[in-house]
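Please read the structure below before turning to the comments.
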Amino acid sequence: MNIINGCNTDVGIKKPVNQDRILSSLFVQDSHYLFLGGIFDGISSLKDSEQVADLIKSRFQNWFEDYTSRIDLSQVDMEIVGCHLLDTLDEVEEDIYNMRQNGECNGGSTATIILILDSIYNVFHLGDSKLVLVKNGSATQLTEDQTVLGSVNGITKYFLDNYMGKDVECDYLKYSGQLEIGDCLFYGSDGFFGKTLPEELLQLEQQITEQSSLDTVLSNHTEILKLRGETDNISVGVFKVVI
């Protein structure tokens, strides 16, 4: 079994900074592998959200590098690895909340974290970033959009109901499952999924045939989204199981 994985992020055509942070890390040990993916979309209405998204990504990247430097993958299962990851998730949530309470920053971020151990996946999700599974010619969104409908100045719109930094304790949704050969996961921010049609995800999956072509496929589609007028930051990650 081989893995194709990677990610792409672009500031887009309108925003002055990129508040998205995206993560794709793969560790292979003999016949076993561990993957960590994540999309962290800073909340644009909070001025320090780029800093918060950057903090979250770096903390999980550091966790992964430290954990894989000392682990024997043949001796662990998903429950063990998942517990270690959740410890970090809880610590990061508490740290961001305390920073906000202390006036050190005013920011928040979505977080969709994908942990895969030898085809078994756990997903920990806060916010409205998306994870979509392309399987057998169909695309299924695995994550729930945690938004609520509200009104400001007479304008009805959706507001983010859950995000990193909202509370001292992390209130995440968890999803679990198992991947098979040919399955492909796309995870990304609103900027990627907002103007990407479901059938285009199927086309992208068909184009992703080897690691060397992944960057080109993702970059080309990002340029298409910009031509369509996407104004948000555009970020996408991919994990595909191939023969």
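Just so you know, we're using this note's numbering here: the sequence shown kicks off at 63 and counts up by one.
Ideal placement from N, C-alpha and C gives every residue a C-beta, glycine not left out.
- The Cβ neighbour count for Glu155, taken over all protein chains shown within 10 Å, is at least 16; the residue is labelled buried.
- C-alpha of Lys288 to C-alpha of Gly250: approximately 15 angstroms in a straight line.
- Within its own chain, the residues whose Cβ lies closer than 7 angstroms to the Cβ of Phe89, once the five positions on either side in sequence are excluded, are Tyr95, Leu96, Thr130, listed in chain order.
- Around the C-beta of Asp82, 16 or more other C-beta atoms lie within 10 Å, and the residue is accordingly described as buried.
- The beta carbon of Leu135 sits closer than 7 angstroms to the beta carbons of Gln91, His94, Leu96 from its chain, once the five residues preceding and following it are set aside; these are given in chain order.
- In the three-state DSSP reduction, Ser106 falls in the coil class, being neither helix nor strand.
- Under the three-state reduction of DSSP, Asn80 is assigned to coil, being neither helix nor strand.
- Take Tyr159, set aside five residues on each side of it, and the residues of its chain with a beta-carbon closer than 7 angstroms to its own are Gly227, Asp229, Val230, in chain order.
- Excluding the 5 residues flanking it on each side, Asn67 has same chain C-beta neighbours closer than 6 angstroms at Ser86, Leu88, Phe301, in chain order.
- Just measuring C-alpha positions, the residue of Ser106, Phe186, Thr271 sitting nearest Gly99 is Phe186.
- Straight-line spacing of the CA atoms in Lys109 and Met63 works out to 44 angstroms.
- The alpha-carbon of Ile75 is positioned some 23 angstroms away from that of Gly170.
- By the Cβ-count criterion, Phe221 is exposed, with fewer than 16 other Cβ atoms from all chains shown falling within 10 Å of its own Cβ.
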